[in-house]
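Reviewing the structure listed below.
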Amino acid sequence: MTSHGPVLPVWMCAGCNSPWPCPTRRRELLAEYDRAPASLALYMGAHLVSATHDMGWAPAGALHRRFLGWLPRTNQSNRRLVINRRRWPGGGS
Numbered sequence: 508m509t510s511h512g513p514v515l516p517v518w519m520c521a522g523c524n525s526p527w528p529c530p531t532r533r534r535e536l537l538a539e540y541d542r543a544p545a546s547l548a549l550y551m552g553a554h555l556v557s558a559t560h561d562m563g564w565a566p567a568g569a570l571h572r573r574f575l576g577w578l579p580r581t582n583q584s585n586r587r588l589v590i591n592r593r594r595w596p597g598g599g600s
């Protein structure tokens, strides 16, 4: 268990008193979720929702960057779905 957990409702790190998730916790989370980046995004998204309730005074963009902005992005997230209309009933000739 990490000592870099959040102190609620101010969302500061219990281990280093930095805004949570601190750099240490970010590194730990990236290692823990190495093969499951979507799960890490869901985990951090849930914390973002909680933090927005606790810190209603904080700008939404700042909270988004703090909780989700540091997550790695994959090339697959930028891919577009291309559908061959001929394979779908009622599509194309």
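Positions 508 to 600 (the working numbering) are the ones given, in order, by the sequence shown. Note that beta-carbon positions come from the ideal geometry of N, C-alpha and C, so glycine has one too. Remember, it's a predicted structure, so these values are computed and weren't measured experimentally.
Exposure label - P516; buried when at least 16 CB within 10 Å:
Counting from 1 along the sequence shown, the entry for residue 516 is found at position 9. Counting other Cβ atoms within 10 Å of its Cβ, P516 stays below 16 and is therefore classed as exposed.
Return the CA-CA distance between L575 and P526, expressed in angstroms with no decimal places.
Within the sequence shown, numbered from 1, the residue matching residue 575 stands at position 68. Within the sequence shown, numbered from 1, the residue matching residue 526 stands at position 19. Spanning the two alpha carbons is a distance of roughly 13 Å.
In angstroms, rounded to a whole number, what distance separates the CA positions of D541 and P579?
To locate residue 541, count along the sequence shown from 1; it is residue 34. To locate residue 579, count along the sequence shown from 1; it is residue 72. Distance between the alpha carbons of D541 and P579: 10 Å.
Specify the secondary structure class of R572 as computed by DSSP and reduced to three states.
Numbered from 1 along the sequence shown, position 65 holds the residue referred to as residue 572. Three-state DSSP puts R572 in a helix.
V514 - partner residues in DSSP beta bridges
If you number the sequence shown from 1, residue 514 lands on position 7. For V514, the beta-bridge partners assigned by DSSP are M519.
Cβ-based burial, L588 [other Cβ within 10 Å; buried from 16]
As a working mapping, residue 588 is identified with position 81 in the sequence shown. Since pLDDT at L588 reaches only 47, below the 50 mark, its modelled position is unreliable, and the value read off the structure follows with that caveat. The residue is exposed, with fewer than 16 neighbouring Cβ atoms inside 10 Å.
Per-residue DSSP class, three states only, for P526
If you number the sequence shown from 1, residue 526 lands on position 19. Here P526 sits in strand by DSSP.
Residues in the same chain with beta-carbon distance under 7 Å from A558, minus the five sequence neighbours each way, listed in chain order, please.
Indexing the sequence shown from 1 puts residue 558 at position 51. Only W518, L570, F574 meet the Cβ criterion.
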